[in-house]
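Quick note on our numbering: the sequence shown kicks off at 719 and runs consecutively.
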Amino acid sequence: MKIENLDVEVVETILDECTNTKTNIEDINTNVVQRLHNDILSRVNGDLLSRFKTLLESNKSVRKTVRVTQIRTIRSPELSPAEDQFKTTSEENEHLKTESTVCETRSTSFNGSQPDKNLRYKLYPIDNLSKPCSALSRSRFPEVYLNIRRLEEGLIHDNYTHIMSILNGVRNEEQSSFTKATYQILCNQIKYSPYKLTKIATTAVQTGGTATFYEILAEVTILTLANLAKEKLWVLAYRLMKDFRIIFESKMEMYKLNAATVLLFAEIYLENKKAFDAFTLVKRTNIIYSNRHRWKVQSVKDDSSTRVEIIKLLLNTFCETHPHHGLALFDLIAEDQSKNFIPIGKKFVFALDYIM
């Protein structure tokens, strides 16, 4: 789907995320808002658009322009348009006559001696280098690489029927390769990845998908959610998570969530002011309890420390918004830890300051 024809819902999601996080303002204005057709822009929520424009003007007023000296790269000078502003034609021609580019490099030897300032290396300009790849793997699995390339084309052009036909044909031994490839492709369009994943899932519901397909989709969705959380794109993460849970509700036996995923879901709920949903999730899976043996999902040792942070965030949220629920949660934590002979700790005791 072209930027000019984006769905109004997608545009509003991007603007909502931008106004909440106050990041990528100029980028979104240049690459999304200014490129939209007028009829689509006119259907965008007026209040949301007004808040974005106010944020944009505020950002422009405080932004400082810093002129950065251009640094020569390994590319030839005629391929670098930025240098044309600082070099005359004669200078460029003179440079092209030079047999090689000589770079003065300072280095420190392993024995700790002083760097040799006179050490010089010749660097030759190299243009249009192809991306590094494994020739051995491509020769052994040409069909896999060809299908991954077709998958990338399908994702770029929003051809979801084509994507489904490729992923439905993936064999078990190819699953890992396609999972990584799909995730890497979506990482290049992180703000549009929730929309694309939802479209793939919707198409799967309509046309049907193999067990391997659903496993790939689930794994890629969870990796994308983790990436969105890392970038603090909480609104996008919440919408994708809702769609994921609706679609996979009947397939949870096929793809069982582990503790790390449940805790990720809980964090997304909390960052979107959905404390009760987060509480319900950790309570239903028994992650509310400190003893990992009581949890109803698979876990590893590191999940315990993540659980402490999520429960602390949940407790603080309840104490600020619903003190009586905060007190009830604190009682549950105190009772649980006393049974396991684990001290409550100051981080939980301090939460009582909100309640008392």
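Positions of the beta carbon are idealized from the N, C-alpha and C atoms, including for glycine.
A quick note: this is a predicted structure, and the numbers were derived from the prediction, not measured.
Kindly give me the distance between the Cβ atoms of residue i and residue j, rounded to whole angstroms, as I take these residues to be in contact under 8 Å.
i	j	result
V862	F931	V862 to F931, Cβ: 16 Å. No contact.
L1047	L988	With a Cβ gap of about 13 Å, L1047 and L988 do not count as contacting.
G927	N886	6 Å
I1005	L981	7 Å
L946	A936	Rounded, the Cβ-Cβ distance is 16 Å, inconsistent with contact.
I965	A919	5 Å
L773	I746	Contact doesn't hold; Cβ gap of about 10 Å is too wide.
L754	V729	7 Å
T1039	A993	7 Å
L1050	V1015	Going by Cβ atoms, the distance from L1050 to V1015 rounds to 19 Å, so no, they are not a contact pair.
Q893	E933	7 Å
If you reduce the DSSP assignment to three classes, tell me which class residue i lands in.
i	result
V953	helix
I1005	coil
N741	Going by the sequence as given, residue 741 is Thr instead of Asn. Residue state, collapsed to three classes: coil.
E727	helix
K898	helix
H755	coil
T928	coil
K1014	coil
H880	helix
S768	helix
C736	helix
K990	The question names Lys, but residue 990 in the sequence shown is Asn. Looking at N990 - three-state DSSP - the assignment turns out to be coil, as it is neither helix nor strand.
I1051	helix
R867	helix
Q893	helix
S825	Unreliable positioning characterises S825 in this predicted model, as indicated by a pLDDT of 42, which lies under 50. A coordinate reading is not provided.
I908	coil
N749	helix
L958	helix
R761	coil
N945	helix
L1045	helix
Would you check if the distance between the CB atom of residue i and the CB atom of residue j is smaller than 7 Å?
i	j	result
T900	L915	no
L724	L766	no
S1017	A977	yes
T942	S911	yes
I908	L873	no
L958	F983	no
T737	R769	yes
E735	V953	yes
I1076	R867	Absent from the structure is residue 1076, since the part of the chain shown begins at 719 and ends at 1074.
T925	Y878	no
The ligand FMN and residue i: does any heavy atom of the ligand fall closer than 6 Å to the residue's C-beta?
i	result
K960	Of ligands this structure carries none, so the ligand FMN is not represented either.
Any C-beta of chain B sitting closer than 7 Å to the C-beta of residue i?
i	result
I746	Of the protein chains in this structure there is only one, and it is not chain B.
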